[in-house]
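Q: When the letters of the sequence shown are read in order and numbered with the working numbering, they come out as residues 519 to 1014.
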Amino acid sequence: MDVHGEPLSPPGRDTAILARLERLDITKPLRRLRFQAGLGYAFDAADTATLALILPAVSVVWHLNKGQTGVLGSSVLIGFMFGALASGAIGDAFGRRRVMTYALLLFCLGSLLGALAPNWELLFAARVVTGLGCGAEAAVISVYASEFVAARHRGRFVGSLVAFFALGWIIAALAGRFVIPLDGGWRWLQVLGATPVLLLLWWRRYLPESPRWLLLRGRRREAHEVVARFERGSGLEPGPAPGVDDMSVPRPRLQIRGGLRSLRGFADLLQPGLRRVTLSTCFLWLVVFFCFYGFNTWIPSLLIARGYTITSSFTFTILIYVAQAPGYYSAARLFARFDQKTVIVGYFVGGAISAFILSQVSTTATILAASCLLSFFMSGVSGCTYAYTPQVFPTAIRSSGSGLCSAVGRVGAIAAPIVVGTSYSALGFGGVFALFMGMLVIGGLGVLVFGVATRNKTLEEIEAEELGTVVSLPVDEVPGTAAPRDRRVTSGEDAS
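This is the structure:
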């Protein structure tokens, strides 16, 4: 019997369900799931943009210096770091859907508290709470979505999902343009940030749990029902894929741990076969989000420091944020045509060139053009990173791996506003972007050397390649497993 009282089924039954997932095309059910999950990303991005937009206003209201402004600018990211780290283990233990719904509730609560803050210290605390919700949600959404999609569609599907970030930045910039000039406008902008609580009702009613996670928990009947629902919505007859052998899709080689014991999944991320993947992907996130958040958080204030008015800086910021949309969508399309590792390196190169141009120019037109170009490439590499990361970790610890990488990325994102704020007087406008250029070059080299090829491979095939030499099986916690805890396998041997 499994943990829910269901009789344990033969191993082939799991792979039959996985094979059924692999035959699904992108039809109405998956498009609806992408829209629902994408709204979560849109609201996360809108919240981050909201903080960037209210910083100039609250700095004037509370007479903040550049250092204090930088600390406040890092508040959401501090919460984001801890939220992402915690949600990884919780998502592996209790499910992706549950993390997403409770994280959204926490995010909305933090936004309302921020609107009521009487000083910058309490605003900082409220934004940390908001960040906890944002981080927990953002770390799990791409993991969740990737586990529904066939290998041939996965890169483009998750990449286009991440494009909802651009929608959030644009909505926030437009709202900020008209709301912040009002009396107490920075407070009202945060009230608007709490409206995603309405999305919670939709999520709780219609979002299914990940079938891959359900399989690893032994909940095969529920996994079958979820897949059957998507098959019916796609015009397919529910059941095993015709003509597909049960073992044509490799079974997961790393089994999930039960309850809070999933916290030990972080140790599994550093086992042989995964150590290089984990460290290189964490480094990728560190570089990407140092540059992405350093640029997007500070660009309104940097433009004001160049002599532009608050109104004109917000107008420029809207244009810069609009440039994110083609960055995300172009990356999603390229993901479908080329290996994702190559696409990531290409966007790093484009970003480095854009940052170099920004470090050299001085006229309004060239600053705006180069800023839009940098926004395009940074959004592209950010979208690539979100789509790439869930694919390189085994299903049993995919949420933990993505959460850890997201948390490390937020270390860079936290540091960036502080570094920019404290070093601007010494480096100047051009020096700040020269710093970004150097980071982008290093990031591109890291992916080129250590990145994982994922194109047209199922999640189980990628897992088998990474763990085909050494596997770690928590046999004391997996029903029906009698193998020793650590043993060697070959690609044709069943490891579970």
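Ideal placement from N, C-alpha and C gives every residue a C-beta, glycine not left out.
According to the Cβ coordinates, are residue 542 and residue 676 closer than 9 Å?
A: Here residue 542 refers to the residue found at position 24 of the sequence shown. Here residue 676 refers to the residue found at position 158 of the sequence shown. Not in contact: residue 542 and residue 676 (Cβ atoms no closer than 9 Å).
Q: On the criterion of 16 or more Cβ atoms from any shown chain inside 10 Å, does residue 967 qualify as buried, or is it exposed?
A: Within the sequence shown, the letter at position 449 stands for residue 967. Its Cβ having fewer than 16 others within 10 Å, residue 967 is exposed.
Q: Please specify which runs of the alpha helix (DSSP H), each continuous and at least 4 residues long, are wholly inside the region 888-936, giving them in chain order.
A: Complete alpha helix (DSSP H) runs here, min 4: none at all.
Q: Is the distance from the Cβ of residue 562 to the Cβ of residue 655 below 9 Å?
A: The residue labelled residue 562 in the question sits at position 44 within the sequence shown. The residue labelled residue 655 in the question sits at position 137 within the sequence shown. A contact, by the Cβ cut-off of 9 Å.
Q: Candidates 663, 952, 955, 834: which alpha carbon is nearest residue 909's?
A: Counted from its first residue, the sequence shown places residue 909 at position 391. Among 663, 952, 955, 834, the Cα nearest to that of residue 909 belongs to 663.
Q: Less than 9 Å separating the beta-carbons of residue 818 and residue 571?
A: Here residue 818 corresponds to residue number 300 of the sequence shown, with the count starting at 1. Here residue 571 corresponds to residue number 53 of the sequence shown, with the count starting at 1. Closer than 9 Å, so yes.
Q: Residues in its own chain within less than 6 Å of residue 934 by CB, not counting five upstream and five downstream?
A: Within the sequence shown, the letter at position 416 stands for residue 934. Cβ neighbours of residue 934 beyond the five flanking positions: 808, 811, 812.
Q: Can you tell me whether DSSP reads residue 566 as helix, strand or coil?
A: Taking the sequence shown and counting its residues from 1, the one referred to as residue 566 is at position 48. Three-state result, residue 566: helix.
Q: For residue 657, report the span of its alpha helix (DSSP H) as first-last.
A: As a first step, residue 657 is located in the sequence shown; it is residue number 139 there, counting from the start. That run of the alpha helix (DSSP H) goes 638-664.
Q: Which of helix, strand or coil does DSSP assign to residue 687?
A: The residue given as residue 687 occupies position 169 in the sequence shown. If DSSP states are grouped into helix, strand and coil, residue 687 belongs with the helices.
Q: Pick out the complete alpha helix (DSSP H) segments inside the region 780-812, 4 residues or longer, and give them in chain order.
A: Segments of the alpha helix (DSSP H) lying fully in the region 780-812: 783-786.
Q: Helix, strand or coil: how does DSSP classify residue 616 here?
A: Stepping through the sequence shown from its first residue, residue 616 is reached at position 98. In the structure shown, residue 616 sits in a helix (DSSP, three-state: H, G or I).
Q: Leaving aside the five residues before and after residue 863 along the sequence, list all residues of the same chain whose C-beta is less than 6 Å from its C-beta, in chain order.
A: Taking the sequence shown and counting its residues from 1, one reaches residue 863 at position 345. So the qualifying residues of the chain are 962, 965, 966.
Q: What three-state label does DSSP hand residue 610 in the structure shown?
A: Stepping through the sequence shown from its first residue, residue 610 is reached at position 92. Helix at residue 610.
Q: Could you tell me whether the region 710-719 touches the region 875-882, using the rule of 3 or more Cβ pairs below 8 Å?
A: With a cut-off of 8 Å, the region 875-882 and the region 710-719 do not count as touching, because too few Cβ pairs lie within range.
Q: So for residue 497, helix, strand or coil by DSSP?
A: This structure leaves residue 497 out entirely; the chain is present only between 519 and 1014.
Q: Do you know whose CA, among 555, 636, 712, lies nearest residue 627's CA?
A: Here residue 627 corresponds to residue number 109 of the sequence shown, with the count starting at 1. Looking at the Cα atoms, 712 is the closest of the given residues.
Q: Residue 565: buried (16+ other C-beta within 10 angstroms of its C-beta) or exposed?
A: Along the sequence shown, one-based indexing puts residue 565 at 47. Buried.
Q: Report buried or exposed for residue 585, applying the criterion of at least 16 other Cβ atoms within 10 angstroms of its Cβ.
A: For the purposes of this step, residue 585 is identified with residue 67 of the sequence shown, where counting begins at 1. Answer is exposed; the Cβ neighbour count stays below 16.
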